[in-house]
């Protein structure tokens with residue numbers, strides 16, 4: 001599964017309530033902006049040897065047949081925030097990250113390392129179903145009744161697949177990892193070529209987003225730059241709108257109504273609308289139903305929309321410029337993957 005940075009934003013309510021955010025566990029192949037973590041296990045060639053040398057067919061990622069199959073269109077519309085329109089959705093971000101992995105592998109191979117993409121990796125259907133295209137299904141606590149019925153308050157843990165695999169001996173694999181992240185100084189490669197500035201990840205990101213900031217750089221506040229799939233300004237505004245909403249009177253009043261509903265539905269429930277940590281999984285469905293009937297869910301969405309109206313207007317130019325670049329990055333990535 002794939003957890004980009006925005007999944008952290010979606011889970012912000014649970015973090016602020018002190019929950020463990022079990023919903024995030026096992027729902028990603030890597031965080032957006034985080035560097036890839038290639039497997040230390042060498043890939044096997046068709047002949048059974050190490051690496052992909054000698055293979056006539058290059059491994060490639062497989063395009064999901066129907067990435068939006070698990071979404072609930074009506075629920076997504078109900079929970080929609082206007083700022084979502086400026087960023088890539090869950091599937092689109094997945095596409096860009098796989099293109100970045102593909103280019104990273106090409107760079108490693110050019111430098112003489114044994115590497116190939118993990119063609120067995122796939123987008124977990126539970127990601128779209130449990131979180132939604134913009135992770136809206138868990139921004140205010142779980143809002144999917146089917147997920148609550150099946151999994152209670154949490155989601156099943158899943159092993160995180162490596163996006164690409166490295167071959168050769170341990171020393172060669174360690175060198176390859178350095179080439180992925182290297183600044184290009186003082187690293188010898190099997191081909192004798194110099195590692196590009198910013199490493200293979202840096203070269204991959206520049207191919208997708210030529211005008212993007214260099215990999216591994218930071219701004220004046222020490223924050224990293226946008227990656228080809230991210231829109232950090234959107235995440236910042238979502239954080240602001242959430243805090244405004246949760247501290248506002250409408251959400252406070254709705255929370256009281258939710259608590260009264262839960263008191264009549266479940267004996268001894270000590271959770272919040274955002275988290276049922278430590279509670280009986282069977283309370284997950286009543287918690288969801290109370291969020292609906294008490295008006296909590298709609299009050300929270302309305303409060304965020306109101307807060308975002310001014311924020312979006314204030315940052316319209318920057319939001320639009322980055323949105324347009326993200327659409328270009330997506331088209332470039334689809335072309336790289338041949339999807």
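Numbering (full-length UniProt numbering), first residue to last: 1 to 339.
Using N, Cα and C, we set each Cβ at its ideal position, and we do this for glycine too.
Boundaries of the beta strand (DSSP E) in which residue i is found, first to last residue
{"i": "residue 75", "result": "Run containing residue 75: none in the beta strand (DSSP E); it sits in the alpha helix (DSSP H), 73 to 79."}
{"i": "residue 316", "result": "Here residue 316 belongs to no beta strand (DSSP E); instead the alpha helix (DSSP H) covers 316 to 337."}
{"i": "residue 117", "result": "115 to 117"}
Of the listed residues the options, nearest to residue i (C-alpha basis)
{"i": "residue 84", "options": "68, 238, 287 and 160", "result": "238"}
{"i": "residue 113", "options": "79, 88 and 175", "result": "175"}
{"i": "residue 296", "options": "234, 254 and 130", "result": "254"}
{"i": "residue 136", "options": "155, 89 and 122", "result": "89"}
{"i": "residue 80", "options": "335, 314, 300 and 315", "result": "300"}
{"i": "residue 77", "options": "305, 335 and 309", "result": "305"}
{"i": "residue 241", "options": "311, 129 and 273", "result": "311"}
{"i": "residue 230", "options": "69, 87 and 66", "result": "87"}
{"i": "residue 208", "options": "333, 162 and 307", "result": "333"}
{"i": "residue 163", "options": "155, 233 and 98", "result": "98"}
{"i": "residue 108", "options": "186, 179, 338 and 313", "result": "179"}
{"i": "residue 252", "options": "273, 111, 93 and 138", "result": "273"}
{"i": "residue 138", "options": "154, 150 and 125", "result": "154"}
{"i": "residue 73", "options": "128, 158, 267 and 290", "result": "128"}
{"i": "residue 93", "options": "335, 326, 284 and 290", "result": "326"}
{"i": "residue 271", "options": "146, 152 and 188", "result": "152"}
{"i": "residue 67", "options": "75, 115 and 125", "result": "125"}
{"i": "residue 171", "options": "190, 186 and 159", "result": "190"}
{"i": "residue 115", "options": "336, 313 and 168", "result": "168"}
{"i": "residue 146", "options": "192, 187 and 75", "result": "75"}
{"i": "residue 206", "options": "187, 192 and 228", "result": "228"}
N- and C-terminal bounds of the alpha helix (DSSP H) containing residue i
{"i": "residue 238", "result": "232 to 246"}
{"i": "residue 283", "result": "First-last for residue 283: undefined, no H or E at that position."}
{"i": "residue 100", "result": "90 to 110"}
{"i": "residue 253", "result": "249 to 265"}
{"i": "residue 207", "result": "199 to 208"}
Beta-carbon spacing of residue i, residue j below 8 angstroms
{"i": "residue 100", "j": "residue 204", "result": "yes"}
{"i": "residue 293", "j": "residue 141", "result": "no"}
{"i": "residue 173", "j": "residue 181", "result": "no"}
{"i": "residue 223", "j": "residue 213", "result": "no"}
{"i": "residue 91", "j": "residue 121", "result": "no"}
{"i": "residue 61", "j": "residue 117", "result": "yes"}
{"i": "residue 265", "j": "residue 286", "result": "yes"}
{"i": "residue 303", "j": "residue 250", "result": "yes"}
{"i": "residue 148", "j": "residue 288", "result": "yes"}
{"i": "residue 244", "j": "residue 111", "result": "no"}
{"i": "residue 82", "j": "residue 308", "result": "yes"}
{"i": "residue 71", "j": "residue 133", "result": "yes"}
{"i": "residue 144", "j": "residue 161", "result": "no"}
{"i": "residue 119", "j": "residue 59", "result": "yes"}
{"i": "residue 315", "j": "residue 233", "result": "yes"}
{"i": "residue 269", "j": "residue 283", "result": "yes"}
Residue-level contact to chain B via CB, residue i, 8 angstroms cutoff
{"i": "residue 117", "result": "Looking for chain B here will not work: only one protein chain is present."}
The ligand NAP heavy atom lying under 7 angstroms from the CB of residue i
{"i": "residue 80", "result": "As far as ligands go, the structure on display features none, and thus does not contain the ligand NAP."}
Contiguous alpha helix (DSSP H) assignments of at least 4 residues, all confined to the stretch 130 to 157: 145 to 151
Taking three-plus beta-carbon pairs below 8 angstroms as touching, is the stretch 193 to 202 in contact with the stretch 100 to 118? yes
Could you pull out every unbroken alpha helix (DSSP H) segment of at least 4 residues lying fully inside the stretch 161 to 190, listed in chain order? 170 to 181
Does the stretch 258 to 266 come within contact of the stretch 313 to 331, defined as at least 3 CB pairs closer than 8 angstroms? At 8 angstroms Cβ cutoff, the stretches do not touch.
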